[in-house]
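Heads up: take any position in the sequence shown, counting from 1, add 990, and you land on our numbering.
We treat Cβ as the ideally placed atom computed from N, Cα and C, and that holds for glycine.
These figures come from a predicted structure and were not determined experimentally.
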Amino acid sequence: MGSLTLPLIPMAGGGGYTPPSADDFIYDPILGTTWLNKVFLQSILALIIVMVLWFVLSRNLKVVPGKRQFFGEMLYDFIRNGVGRDMIGHDFRRYLPWLLAFFTFILVNNWFGQVFFVMLPTYSLVGYAYGSALLVWIIYITAGIRKHGLLKYLKLQTMPEGVPWFLYLMIIPLEVLSNFITRPITLALRLFANMFAGHLVIMVFVVGGGFLVTQADGLINNIGGGVSLIFSFAVFGLELFIGALQAYIFTVLAAQYIESSISEAH
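Given below as structure tokens:
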């Protein structure tokens, strides 16, 4: 990724302010590797958190649930009923564990942007969003082939019912583009763009506000910096909501794509 740092903006007291940019999302590799960096390590940490979370929530279940079990059942029912059953239908149980784990994994990675000492949502780097979308792509295509067989699946996905045969020359390329290419790309970019933009906004308020309070001259600048820092807490809260919403949307769309692959009609 090329350098996108904007020119320094001079302040009244001298010095300069470098606004947050895409360069702030780039981390150097560690331990002499070309691929191991902070973002990769936090994605591994998210995986461990998800595994430990569901291990703890699923232990010692009782007829009358306590707070821990109630929270686990509430989260489970949210994905089971609101995503799996409603979107996929009677075959949803086969895909429920994956949907539940995927939702939790994306949620944890998104909320890393509001955790001190991490302060970066994993999916603000587009490669991780593309990786997750690729996994969805593999799963919904595999589900369709397993349900219908390769030839019937390709027919269902490229030849919609009721379309006259003489339009196939135009319809088939459009259906291939929509079902096999556009879906994973838009799925990834939607998640990436929301997390990248939201975290960039937080950095603008925090870094800019901190600079105005500590480095800029003039009472107005100091007051503006303080207001910016205070307002950043509201942005933090908004990003917590956006992170959860994007995890939900990603999971819903994944379930919808699976349903469209295993259904008899397209």
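Return the CA-CA distance between Phe-1068 and Phe-1060, expressed in angstroms with no decimal places.
-> As a working note, residue 1068 is residue 78 in the sequence shown. As a working note, residue 1060 is residue 70 in the sequence shown. The alpha-carbon atoms of Phe-1068 and Phe-1060 are separated by roughly 12 Å.
Could you check what DSSP says for Tyr-1017 in three-state terms: helix, strand or coil?
-> As a working mapping, residue 1017 is identified with position 27 in the sequence shown. Here Tyr-1017 sits in coil by DSSP.
Please classify Leu-994: does DSSP put it in a helix, a strand, or coil?
-> For the purposes of this step, residue 994 is identified with residue 4 of the sequence shown, where counting begins at 1. Model confidence at Leu-994 stands at a pLDDT of 39, short of 50, so the residue's coordinates are unreliable; what they give is reported in the following sentence. Here Leu-994 sits in coil by DSSP.
Below 8 Å CB to CB, which residues in the same chain sit around Ala-1002 once its five sequence neighbours on both sides are set aside?
-> Against the sequence shown, residue 1002 aligns to sequence position 12. Because Ala-1002 carries a pLDDT of 44, less than 50, the predicted location of this residue cannot be relied on, and the following value inherits that uncertainty. Answer for Ala-1002: Ala-1206, Asp-1207, Gly-1208, Asn-1211, listed in chain order.
Alpha-carbon to alpha-carbon, Thr-1176 and Val-1040 = Numbered from 1 along the sequence shown, position 50 holds the residue referred to as residue 1040. Numbered from 1 along the sequence shown, position 186 holds the residue referred to as residue 1176. So the two alpha carbons sit approximately 26 Å from each other.
Compute the Euclidean distance between the alpha carbons of Ala-1244 and Lys-1145, then round it to the nearest angstrom.
-> As a position in the sequence shown, residue 1244 is number 254, starting the count at 1. As a position in the sequence shown, residue 1145 is number 155, starting the count at 1. Roughly 21 Å separates the two Cα atoms.
Given 8 Å, three or more beta-carbon pairs between the segment 1154 to 1170 and the segment 1215 to 1226 = no
Helix, strand or coil: how does DSSP classify Val-1105 here?
-> Locating residue 1105 in the sequence shown gives position 115, where the first residue counts as 1. Here Val-1105 sits in coil by DSSP.
Lys-1057, DSSP secondary structure in three states = Residue numbering aside, residue 1057 sits at position 67 when the sequence shown is read from its first letter. Three-state result, Lys-1057: helix.
Check Gly-1121 in the structure and name its three-state DSSP category.
-> The residue labelled residue 1121 in the question sits at position 131 within the sequence shown. Looking at Gly-1121 - three-state DSSP - the assignment turns out to be helix.
Assign Gly-1134 to one of two classes, buried (16 or more other C-beta atoms within 10 Å of its C-beta) or exposed (fewer than that).
-> Translated into positions along the sequence shown, residue 1134 becomes position 144. Gly-1134 comes out buried.
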